[in-house]
Amino acid sequence: MEPMGLWPSLVVVEDVATGEPVEAGRIEGRRLELLYRAHATKAARTAYLLTGDAALADDLVQEAFVRLAGRFVDWRREDGFEPYLRRTIVNLFRTRLRRIERERERHRRVAASPVAAGGDLADLIAVRDALMRLSERQRAAVVLRYYEDLPEAEIADLIGCRPGTVKSLLSRAMDALRAELSR
Amino acid sequence: MDVKQLLSDLAERQMPSAPPLRPGTVQRAHRRRAMVAAATSLAVVAGALGVWAGIGSLSRPRPVPPAERDASFSMIALDGTEATALAAHGDAAWAATDGKLYRVAGSEPERIGPFPDTYLGQPFEQRMQIDDLAANENGVWVAASPVGARCGESDAVAKDPCGDARWIPAGGAPQPARFFAGSRGGIAIGNGSTWVGGTTVMYKVTTDQRDAPVVAPRKGVRSIVGIASTLGQVFALVEPDDGRVDRALLSIEPNEGGGLGRLDLPGALIVRAGLGSLWVAAWHEGAAMLYQIHPERFSILRTIRLIESPGDAAKVLIKGLAFSGSTVYAAAARGDQGIVLAFDARTGTVETLRAAGVPVDIAAGHEALWVLHSRPARLARMTIPDPWDAHAPINDDERAEAVPERPGLEHPRITRIDRLEPSGDRLTIGFLGGDYPCGMLDHVELWEDRGRLMVLVVEGVRPTVRDGQWGCKSVGIGRTTTVEIPERLRGLEPADAAQD
Chain A
-11 MEPMGLWPSL
-1 VVVEDVATGE
9 PVEAGRIEGR
19 RLELLYRAHA
29 TKAARTAYLL
39 TGDAALADDL
49 VQEAFVRLAG
59 RFVDWRREDG
69 FEPYLRRTIV
79 NLFRTRLRRI
89 ERERERHRRV
99 AASPVAAGGD
109 LADLIAVRDA
119 LMRLSERQRA
129 AVVLRYYEDL
139 PEAEIADLIG
149 CRPGTVKSLL
159 SRAMDALRAE
169 LSR
Chain B
645 MDVKQLLSDL
655 AERQMPSAPP
665 LRPGTVQRAH
675 RRRAMVAAAT
685 SLAVVAGALG
695 VWAGIGSLSR
705 PRPVPPAERD
715 ASFSMIALDG
725 TEATALAAHG
735 DAAWAATDGK
745 LYRVAGSEPE
755 RIGPFPDTYL
765 GQPFEQRMQI
775 DDLAANENGV
785 WVAASPVGAR
795 CGESDAVAKD
805 PCGDARWIPA
815 GGAPQPARFF
825 AGSRGGIAIG
835 NGSTWVGGTT
845 VMYKVTTDQR
855 DAPVVAPRKG
865 VRSIVGIAST
875 LGQVFALVEP
885 DDGRVDRALL
895 SIEPNEGGGL
905 GRLDLPGALI
915 VRAGLGSLWV
925 AAWHEGAAML
935 YQIHPERFSI
945 LRTIRLIESP
955 GDAAKVLIKG
965 LAFSGSTVYA
975 AAARGDQGIV
985 LAFDARTGTV
995 ETLRAAGVPV
1005 DIAAGHEALW
1015 VLHSRPARLA
1025 RMTIPDPWDA
1035 HAPINDDERA
1045 EAVPERPGLE
1055 HPRITRIDRL
1065 EPSGDRLTIG
1075 FLGGDYPCGM
1085 LDHVELWEDR
1095 GRLMVLVVEG
1105 VRPTVRDGQW
1115 GCKSVGIGRT
1125 TTVEIPERLR
1135 GLEPADAAQD
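Residue numbers (this note's numbering), protein chains in the order written: chain A, -11 to 171; chain B, 645 to 1144.
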């Protein structure tokens, strides 16, 4: 079979919905969907923790997949995709930092953004609100460290600062979160 | 408080699964794919005709003679005459003039304070000089003589970061007067502490903020000229008392204060940390010099001759250094003129900007470069283009370690590329890797995107490394690797996908 440019582990795949083997000729057209199914949920959760807004998180993930869609003709291994998607999400989030007006608009949306109903609704609202009160870089550091389990050096590279700054960001952010959540 | 669990609960509750892939996303992706394919075809044709001007543009550039031009600084007048110190963080800058502190975010300076008149019986503002400032996301720190003071623990955008209770003389409170040795050695933030350079000793401001013990004794030191901290290391530029040389840089153990190493740097004027390196500016043998020093190896990586001034021409004395993106900015005085030298650490080029007067200090914020002038005190602001996206090399190419791909490592992560050198069917990639076994080259990805050869370096961790130990080192180690370029991608301009 002629390689289709996707990484080897996905060159021959089963249809996610039916479990039937997918013909090689159809893989090209379904590449994006397969990638999306494999990685979008984790990416959306990270994006949500960064933005505090489910709709905006969805926007970020869709935009990230558009940006990545054309880049995998010669992809050799699957391992690199998840960190590359994560970097794209963080870059998109970070780009927003420069657009202050849009950021203000986002804050207005977050304030009105509903939290899904459930047993611990009040706790969830408190966690989200405490997270959103952090600065953007503190929030990114917390999410990447405690949700994505990344080491400080990689976080530093992702958010564009020195590792020592990440330590400081995390320390201050944790102090703030503890204070907020203990009220 | 289990933050990890809280975040997981919140994310899973709010985003139980990703929303469906939108039809619009699919269409946009298809259009992008078509655009990529079309651009690639054009690029390949252009490359075959030898008219692709961008090929190799990321390779080592040829030295470019310094250009001098007028910088587009906007001036902000400050109330006062003698400007002494400057710091910047985010969108704001803090400037000290005549013992007073100002914050500037827009075009109007705002006075911070006033400071308390006394602290523990020590007179304060009337005879206080602010020697140095440092700012980060947590606050503004002030080093003041003669008592050596600091403030902090406030939001960097707050108008008044220094309440009375936050003033603590360096040396601790209460401490014998002999510890009040001033703060002319400057102030630095790093390694979880704030460091104040006294006349002959260094103070470490501990996290509980009620103590500032001496960590570096005066042994062998006539005076401290400046201090800096980066990557868990602390350094002091000093005038040694052994007469061998006028200036030396000391590496200091951050807990016990013992000396770890010494580099003799004749003519050194200031030391600053930035771009993952330590930088020392000097005037030596008729030239303004910049030394790039690897903080962990404590060795000189590069010696840069910023500008020469031979013969009877005026000395070029560097007053301050600032960092943004891959650029080191040096504010300097040349006789009674002021200049700003911009050294691009990626390309090795130097640009000279004419300043509006003799500078006192320079600092870089999020998107602005600030230059402080004296007599009268004023602040110049210049917008920095795209400061987030750049990345500077820490090492020189000659010492870079050649490494092979080792697919199958754990914890894959993207690593930024330092240089790309295509040669026929081969591509040599220089990058800053992590320390073995925490950071090893997993593999390199190559693909085309709108006529460019996109290159992605993926690093990983050796699988035998136990959890919790794999993030052990953060300093960059110079590495190179060479990969074969697939035939249909040859001739395309290479680009770092991590920065795209």
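Each residue gets a CB set at the ideal place from its N, CA and C atoms; glycine is no exception.
Contact set for residue i: own chain, Cβ-Cβ below 7 Å, skip 5 residues either direction
i                : result
Leu37 (chain A)  : Leu119, Val131 and Tyr135
Ile143 (chain A) : Ala129, Leu132, Arg133 and Val154
Tyr24 (chain A)  : Phe53
Arg949 (chain B) : Ala931 and Met933
Local conformation of residue i per DSSP, three classes
i                 : result
Met120 (chain A)  : helix
Glu140 (chain A)  : helix
Phe69 (chain A)   : helix
His27 (chain A)   : helix
Arg755 (chain B)  : strand
Asp775 (chain B)  : strand
Ser970 (chain B)  : coil
Glu726 (chain B)  : coil
Ala1142 (chain B) : helix
Glu943 (chain B)  : In the sequence under discussion, the amino acid at residue 943 (chain B) is Ser, which differs from the Glu named in the question. In the structure shown, Ser943 (chain B) sits in a strand (DSSP, three-state: E or B).
Arg666 (chain B)  : coil
Arg657 (chain B)  : helix
Gly1009 (chain B) : coil
Gly796 (chain B)  : Low per-residue confidence applies at Gly796 (chain B): pLDDT is 40, beneath 50, and the placement is therefore not dependable, though the value from the model is reported in the following sentence. Gly796 (chain B): coil per DSSP, three-state reduction.
Ser156 (chain A)  : helix
Glu929 (chain B)  : coil
Met162 (chain A)  : helix
Pro1003 (chain B) : strand
Arg1060 (chain B) : coil
Thr39 (chain A)   : helix
Leu934 (chain B)  : strand
Leu894 (chain B)  : strand
Lys959 (chain B)  : coil
Pro910 (chain B)  : coil
Pro151 (chain A)  : helix
Ile983 (chain B)  : strand
Glu1089 (chain B) : strand
Ser953 (chain B)  : coil
Cβ neighbour criterion (16 or more within 10 Å) applied to residue i
i                 : result
Gly40 (chain A)   : buried
Pro664 (chain B)  : exposed
Gln877 (chain B)  : buried
Met719 (chain B)  : exposed
Ser873 (chain B)  : buried
Lys963 (chain B)  : buried
Pro1048 (chain B) : exposed
Ser921 (chain B)  : buried
Asn899 (chain B)  : exposed
Arg1145 (chain B) : As displayed, chain B neither begins before 645 nor continues past 1144, which places residue 1145 (chain B) out of reach and without an answer.
Anticipated Cβ contact below 8 Å, residue i with residue j, distance rounded
i                 : j                 : result
Gly969 (chain B)  : Gly982 (chain B)  : That belief does not hold up - the Cβ atoms of Gly969 (chain B) and Gly982 (chain B) are roughly 22 Å apart, past 8 Å.
Ala976 (chain B)  : Leu961 (chain B)  : 6 Å
Asp890 (chain B)  : Gly864 (chain B)  : That pair is no contact at about 14 Å.
Thr725 (chain B)  : Pro1020 (chain B) : 6 Å
Ile1006 (chain B) : Val984 (chain B)  : 7 Å
Ala926 (chain B)  : Gly911 (chain B)  : 4 Å
Thr1125 (chain B) : Leu1085 (chain B) : 6 Å
Arg747 (chain B)  : Ala740 (chain B)  : Between Ala740 (chain B) and Arg747 (chain B) the Cβ distance is about 11 Å, and since that is not below 8 Å, they are no contact.
Close-in-space but distant-in-sequence residues of the same chain around residue i (CB under 6 Å, 5 per side omitted)
i                 : result
Ala687 (chain B)  : In this predicted model, Ala687 (chain B) has a pLDDT of only 36, less than 50, meaning its place in the structure is not dependable; the value taken from the coordinates is given anyway. Counting only Cβ-Cβ distances below 6 Å, and skipping sequence neighbours, we find Gly1095 and Leu1136.
Ala32 (chain A)   : Ala45 and Val49
Ala731 (chain B)  : Trp738, Leu777, Ala778, Ala779 and Ala1007
Leu1100 (chain B) : Glu1089 and Ala1141
Cut-off 8 Å between Cβ atoms - residues of its own chain near residue i, not counting five sequence neighbours on either side
i                 : result
Asp1069 (chain B) : Glu1128, Ile1129, Glu1131 and Arg1134
Ser751 (chain B)  : Ser718 and Ile720
- Message: Any C-beta of chain B within less than 8 Å: which residues of the region 150 to 162 of chain A qualify?
- Response: Arg150, Pro151, Gly152, Thr153, Lys155, Ser156, Leu157, Ser159, Arg160 and Met162
- Message: So if I threshold CB-CB distances at 7 Å, which residues from the region 1045 to 1070 of chain B count as touching chain A?
- Response: Pro1051, Pro1056, Arg1057, Ile1058 and Arg1060
- Message: Using a Cβ-Cβ cutoff of 7 Å, what residues of the region 938 to 963 of chain B are near chain A? List them in chain order.
- Response: none
- Determine which residues of the region 32 to 53 of chain A have a Cβ less than 7 Å from any Cβ of chain B, and write them out in chain order. Ala32, Arg33, Tyr36, Leu37, Ala42, Ala45, Asp46, Val49, Gln50 and Phe53
- Contact residues within the region 138 to 149 of chain A, judged by C-beta distance below 8 Å to chain B: Leu138, Pro139, Glu140, Ala141, Glu142, Ala144, Asp145 and Gly148
- Item | Selection of the region 728 to 750 of chain B by Cβ proximity to chain A, strictly under 7 Å | none
- Task: Taking a Cβ distance cut-off of 9 Å, strictly less, list which residues of the region 652 to 663 of chain B are near chain A, in chain order.
- Result: Ser652, Asp653, Leu654, Ala655, Glu656, Arg657, Gln658, Met659, Pro660, Ser661, Ala662 and Pro663
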